[in-house]
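In the numbering used here, the protein residues as written are 6 to 242.
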Ligand code: C5P
């Protein structure tokens with residue numbers, strides 16, 4: 006199944022931009038080179054959800070990265086609204102009630118639900134501070150299994166987690182990987198980065214890329230280069 010996805014559709018460009026006008030200018034600049042966009046808190050809460058609907062109407066795919074977590078009924082109503090936007094992916098935190106509500110509510114739509122197992126900014130001590138008795142790797146594995154049992158469509162994970170998670174959940178779930186840096190790009194605030202080729206080799210299905218495209222002198226050329234790297238890496242699998 007994952008095999009039939011075009012290399013271009015595996016690149017998700019993160020529109021980490023404060024306003025819709027600037028986002029639209031970037032989308033116009035990227036043109037046909039990019040088919041999949043991610044809209045997160047910054048743009049989503051600044052008019053970006055209307056932009057998501059517009060992009061979907063224009064034939065682009067949209068990943069709404071709002072990481073929902075609330076009581077089941079509220080999550081379900083939110084998921085229904087995001088499905089109506091025509092979005093392709095929506096993130097939720099990997100709590101069983103939340104995941105179950107989201108999976109049930111997306112039935113009958115084209116929306117796929119991705120779970121965030123443990124935020125990558127958390128280490129074992131941060132988890133302890135939240136009251137968790139598990140460390141990061143244990144909790145990631147436990148939540149990945151729960152997500153799979155509930156019918157979640159995919160997981161957001163670092164390139165380093167991808168190979169391990171592939172071993173846990175098999176091939177049925179999509180792995181969506183941020184923290185991507187083509188060779189020669191600055192890591193910025195990302196602690197663990199991987200090149201597109203390495204992330205694909207580790208088992209990632211989709212790559213989320215922000216600054217290496219948005220801050221490139223030629224964003225379209227940067228996106229084209231990443232798609233070419235994805236294509237070559239998939240060919241080598
Ligand atoms: O600019 P950069 O390529 O680092 O952007 C990565 C995108 O992926 C950002 O939108 C960021 O919020 C998101 N992300 C991440 N790490 C996670 C989850 C999401 O970098 N664990």
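Here a beta-carbon is modelled for each residue, glycine too, at the ideal position from N, C-alpha and C.
Same chain only: Cβ atoms within 7 Å of residue i, ignoring 5 sequence neighbours per side
i           : result
residue 149 : 122, 160, 170, 173 and 174
residue 205 : 235, 238 and 239
residue 13  : 40 and 232
residue 115 : 93
residue 102 : 77
residue 6   : Residue placement at residue 6 is flagged as unreliable, the pLDDT there being 45, under the threshold of 50; a coordinate-derived value is accordingly withheld.
residue 203 : 164
residue 87  : 69, 95 and 116
residue 108 : 118, 155, 156 and 157
Cutoff 6 Å; reference residue i; Cβ partners in own chain excluding five residues on either side
i           : result
residue 19  : 43, 213 and 215
residue 190 : 217
residue 221 : 227
residue 70  : 43, 45 and 96
residue 38  : 225, 228 and 229
residue 125 : 163
residue 17  : 41, 43, 68, 211 and 213
residue 145 : 122 and 123
residue 263 : The structure shown does not extend to residue 263, since the chain spans only 6 to 242, so no value can be given for it.
residue 10  : none
residue 54  : none
residue 73  : 80, 83 and 97
residue 110 : 81, 84 and 85
Chain-order list of residues whose beta-carbon lies under 8 Å from that of residue i (same chain, five-residue window excluded)
i           : result
residue 48  : 20, 21, 22, 23, 24, 25, 28 and 56
residue 165 : 197, 199 and 207
residue 35  : 18, 218, 224, 225 and 228
residue 151 : 99, 101 and 104
residue 90  : 54, 57, 58, 61, 67 and 69
residue 63  : none
residue 242 : 205 and 206
residue 186 : 192, 195, 198, 199, 200 and 217
Residues bridged to residue i [DSSP beta-bridge criterion]
i           : result
residue 121 : 98 and 161
residue 199 : 185
residue 212 : 16 and 182
Terminal residues of the beta strand (DSSP E) in which residue i lies
i           : result
residue 218 : Where residue 218 is concerned, there is no enclosing beta strand (DSSP E), although the alpha helix (DSSP H) it sits in stretches over 216 to 219.
Neighbour flag for residue i against chain B, beta carbons, 7 Å
i          : result
residue 23 : No chain B appears in this structure, which consists of one protein chain only.
The alpha helix (DSSP H) enclosing residue i, as first and last residue numbers
i           : result
residue 224 : 224 to 240
residue 129 : 129 to 134
Legend entry - Residue ranges of each alpha helix (DSSP H) within the stretch 143 to 170, 4 or longer: None, since the stretch 143 to 170 contains no complete alpha helix (DSSP H) of that length.
Inset, instruction - Would you check if the stretch 138 to 146 and the stretch 180 to 192 touch, i.e. whether three or more CB-CB distances between them fall below 8 Å? - result: Contact check between the stretch 180 to 192 and the stretch 138 to 146: fewer than three CB pairs, one atom from each, fall below 8 Å, which does not count as touching.
Inset, instruction - Flag this pair as touching only if the stretch 76 to 85 and the stretch 122 to 135 have three or more C-beta atom pairs under 8 Å; answer yes or no. - result: Remark: fewer than three beta-carbon pairs, one from each stretch, lie closer than 8 Å, so the stretch 76 to 85 and the stretch 122 to 135 are not flagged as touching.
Inset, instruction - Quick one: which unbroken beta strand (DSSP E) runs of 3-plus residues sit fully inside the stretch 16 to 80? Chain order, please. - result: DSSP runs (the beta strand (DSSP E)) wholly in the stretch 16 to 80: 16 to 19, 41 to 44 and 66 to 73.
Inset, instruction - Could you tell me which uninterrupted beta strand (DSSP E) segments, each at least 3 residues in length, are contained entirely in the stretch 170 to 194, listed from first to last along the chain? - result: Positions of the beta strand (DSSP E) runs, each at least 3 residues long and wholly inside the stretch 170 to 194, are given as 179 to 182 in order along the chain.
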